[in-house]
Amino acid sequence: QVQLVESGGGLVQAGGSLRLSCAASGRIFSFNAMGWYRQAPGRQRELVAAISSGGTTNYADSVKGRFTISRDDAKNTVYLQMNSLKPDDTGIYYCNAKRGVSPAYNSWGQGTQVTVSS
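Positions 1123 to 1240 (our numbering) are the ones given, in order, by the sequence shown.
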């Protein structure tokens, strides 16, 4: 089992910045993908950004150029730097870790609230 704990959420004005962190613990193993998802009220959970074990990144179109995902494998931590925040970025942000080969897993954190005021 892999446990994920997010931190760094909060209330920020539009145009501001936040940095989310996700610390992983447990039987992590290598060759996994890490990602950040968000869920706004009344909407489905959506992918915000993902990073492979090799460092390849993928972003939702709505955050390209504003958000940056990174990982520090020595610390088992993934980060999401969010700049130029907009009210539409408001939601609960969840960290995800998945590994497709044995031992496979797909783990989620408990989420951290991000609120962007206009």
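Ideal Cβ placement from N, Cα and C applies to all residues, glycine included.
The structure displayed is predicted, hence computed values, not measured ones.
| Check | Outcome |
| --- | --- |
| Quick one: is E1128 buried, meaning 16 or more other Cβ sit within 10 Å of its Cβ, or exposed? | buried |
| Rounding to the nearest angstrom, what Cα-Cα distance links V1134 and D1194 in this structure? | 26 Å |
| Sorted by chain position, which residues of the same chain lie with C-beta nearer than 8 Å to K1197's C-beta, five sequence neighbours on each side aside? | A1145 |
| For F1153, is the classification buried or exposed, using 16 other Cβ atoms within 10 angstroms of its Cβ as the cut-off for buried? | exposed |
| Counting only the same chain and skipping the five closest in sequence on each side, list residues whose C-beta sits under 6 Å from that of D1211. | V1238 |
| Taking all protein chains shown into account, decide if N1228 is buried (16 or more other Cβ within 10 angstroms of its Cβ) or exposed. | exposed |
| For R1241, which residues in the same chain have their Cβ closer than 6 Å to its Cβ, ignoring the five residues on either side in sequence? | In the structure as shown, the chain starts at 1123 and stops at 1240, and residue 1241 therefore has no counterpart that could be examined. |
| Straight-line CA distance for S1184 to V1223? | 31 Å |
| List the DSSP bridge partners of I1173. | M1156, T1179 |
| Taking the continuous beta strand (DSSP E) assigned at Q1135, which residues delimit it? | 1132 to 1135 |
| Which partner residues of G1213 appear in the DSSP bridge assignment? | V1236 |
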